[in-house]
Amino acid sequence: MIDKNTDTELQLDQRDLDQRDIESSPEMRDFDDMLKESSLFPLKANGINVLQINVGFKCNQACKHCHVSAGPSRSEQMSRRTFEHCLRVLREGKIPTVDITGGAPELNPHFRWFVKEARDMGIDVINRCNLTVVFEPGQEDTIEFLAGHKVSVIASLPAISASQTDAQRGKSTFGNSIEALKLFNQAGYGLPETGLEINLVTNPVGAFMPASQATLEDYWKRVLGKKYGIKFNHLFTITNMPVGRFLNWLKSKNLLDEYMKKLTEQFNPKAVSAVMCKSTLSIDWQGYMYDCDFNQMLGLRVDHGMPVHISEFDNEKLNQREIVTKVHCFGCTAGNGSSCGGEVV
């Protein structure tokens with residue numbers, strides 16, 4: 199039974215307008231044509247190794263680059279019933295990993311129950327944390343909870359510069375993020391002997407491609423270690439996708455055409471073979487299914503004859519589904535490629 203909550207017409211209209219803005223860029227090429235030229239069309243999934251669920255848009259931050267436009271005023275939250283569908287799919291589909299995102303996932307009232315249930319099933323749990331949420335009321339023991347259930351953490355930090363981070367995320371965000379990272383380290387995260395993994399994820403503060411992931415990781419480890427005594431496992435670099443607030447920023451600065459030209463010119467066929475949509479299924483807060491988180495934000499549900507809601511999950515069909523592609527896919531296939539786990543090539 200599909201929940202009757204649906205997007206408002208205003209939200210759907212905005213998604214349509216966003217897609218049209220990208221497609222109308224004079225520098226834009228058709229993504230499917232590029233796949234055909236590289237003998238990679240149609241792009242198909244090769245299984246589901248990760249179920250990525252967006253549990254809602256409520257967040258204690260309202261970042262300028264946020265592709266989901268999350269913030270304190272957003273009220274959308276995944277229901278207990280939809281979480282239960284996710285657990286059933288994890289079990290029946292034998293999916294080894296669940297990747298929980300938002301918003302700030304920790305603010306969903308069912309978050310901890312779901313994490314416990316998933317871990318009891320032997321599922322690897324990834325929590326995407328904005329770091330400063332641990333200082334919100336009621337979140338005082340969040341780090342202890344995550345460590346106690348051996349949850350892997352992917353923590354977002356735009357830059358190791360206070361001015362750049364605060365410009366994107368708000369005053370004092372950098373300082374609070376550093377303090378949160380120290381608390382994660384105190385709980386054992388980032389230390390090789392504990393098995394508790396914390397990875398940082400960063401995206402450029404501007405309309406350009408990220409630098410080499412390996413080079414940045416080495417630099418970040420040296421700077422954060424020397425200045426603040428912070429340890430972490432890996433750094434993931436992500437290309438800014440022309441979606442949500444970042445798209446609006448590009449348009450406001452008249453940088454959309456220039457940015458799309460960069461992405462198109464750096465199209466890399468090798469990156470296509472490793473994009474996350476080939477092994478990930480994305481679920482929105484209402485339970486609708488998408489090939490990736492970015493398609494979700496554009497309202498591009500799984501297609502080509504696939505069931506669209508998690509209550510209708512069909513493992514055999516979705517494992518081999520044809521992926522919905524549009525021009526924003528150049529963001530994941532430019533340069534060394536980009537995914538929720540960083541570079542793909």
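Just so you know, we're using this note's numbering here: the sequence shown kicks off at 199 and counts up by one.
From the three backbone atoms N, C-alpha and C, an ideal C-beta is built for every residue, glycine too.
Beta-carbon proximity check, residue i vs residue j, cutoff 7 Å
i, j, result
"Asn325", "Ile293", "no"
"Asn397", "Thr330", "no"
"Leu249", "Leu422", "no"
"Asn252", "Ala302", "no"
"Tyr457", "Ala405", "yes"
"Asn466", "Thr363", "no"
"Val403", "Gln366", "yes"
"Ile321", "Leu288", "yes"
"Asn328", "Ser354", "yes"
"Val525", "Leu238", "no"
"Arg428", "Ala385", "A quick correction: the sequence has Ile, not Arg, at residue 428. No, the pair does not count as a contact, with Cβ atoms beyond the cut-off."
"Arg272", "Lys256", "yes"
"Met474", "Ser537", "yes"
"Val323", "Val349", "yes"
"Arg317", "His283", "no"
Contact belief for residue i with residue j at Cβ below 8 Å, rounded distance in angstroms
i, j, result
"Gly533", "Gln464", "5 Å"
"Thr400", "Pro440", "Contact flag wrong, Cβ pair sits at about 18 Å."
"Gly535", "Met495", "With a Cβ gap of about 19 Å, Gly535 and Met495 do not count as contacting."
"Thr435", "Glu541", "6 Å"
Secondary structure of residue i, DSSP reduced to three states
i, result
"Ala532", "strand"
"His507", "strand"
"Glu290", "helix"
"Phe255", "coil"
"Ile358", "coil"
"Leu445", "helix"
"Met439", "coil"
"Leu433", "strand"
"Glu499", "Reading off the sequence, residue 499 comes out as Arg, not Glu. Arg499: strand per DSSP, three-state reduction."
"Thr392", "coil"
"Tyr486", "strand"
"Ala302", "coil"
"Ala353", "strand"
"Lys234", "helix"
"Leu241", "coil"
"Ser148", "A question about residue 148 goes unanswered here, because the residues of the chain that appear run from 199 up to 543."
"Val248", "strand"
Where the alpha helix (DSSP H) containing residue i begins and where it ends
i, result
"Leu379", "371-384"
"Ile341", "340-346"
"Asn493", "491-495"
"Asp455", "454-463"
"Val296", "Here Val296 belongs to no alpha helix (DSSP H); instead the beta strand (DSSP E) covers 295-299."
"Asp512", "Run containing Asp512: none; DSSP gives neither H nor E here."
"Gln411", "411-426"
"Val544", "Only positions 199 to 543 of the chain appear in this structure, which leaves residue 544 out of reach."
"Asp228", "Here Asp228 belongs to no alpha helix (DSSP H), and DSSP marks it neither H nor E."
Alpha carbon of residue i to alpha carbon of residue j, nearest angstrom
i, j, result
"Gly254", "Gln275", "4 Å"
"Leu305", "Arg286", "23 Å"
"Tyr387", "Gly503", "43 Å"
"Val523", "Asp491", "At residue 523 the sequence reads Thr, which differs from the Val that was named. Each residue's alpha carbon lies about 13 Å from the other."
"Leu414", "Gly539", "15 Å"
"Phe528", "Thr437", "10 Å"
"Tyr417", "Pro408", "14 Å"
"Lys234", "Leu344", "44 Å"
"Pro307", "Leu241", "37 Å"
"Ala243", "Lys425", "43 Å"
"Val543", "Lys369", "35 Å"
"Ile358", "Thr371", "11 Å"
"Tyr486", "Ser509", "9 Å"
"Asp455", "Leu516", "34 Å"
"Thr280", "Gly291", "16 Å"
"Gly393", "Ile481", "28 Å"
"Lys380", "His507", "40 Å"
"Glu514", "Pro505", "11 Å"
"Val296", "Ser477", "12 Å"
"Leu461", "Glu391", "40 Å"
"Gly300", "Glu395", "20 Å"
"Leu448", "Lys459", "13 Å"
"Leu433", "Arg420", "12 Å"
"Ile376", "Phe430", "12 Å"
"Asp201", "Asp228", "At Asp201 the pLDDT is 45, less than 50, meaning the model places this residue with poor confidence; the figure from the coordinates comes in the next sentence. Roughly 35 Å separates the two Cα atoms."
"Gly361", "Met319", "First, the residue type needs correcting, since residue 361 is Ser and not Gly in the sequence shown. Whole-angstrom Cα-Cα distance: 43 Å."
"Gln518", "Val500", "12 Å"
"Phe312", "Gly336", "17 Å"
Segment limits, beta strand (DSSP E) that includes residue i
i, result
"Leu479", "478-481"
"Arg310", "Unbroken run through Arg310 is the alpha helix (DSSP H), 309-318; no beta strand (DSSP E)."
"Asn325", "322-327"
"Thr523", "Careful: Thr523 lies outside any beta strand (DSSP E) and carries neither H nor E."
"Leu398", "396-400"
Any chain B beta carbon closer than 7 Å to residue i
i, result
"Gly368", "Of the chains in the structure shown, none is chain B; there is only one protein chain."
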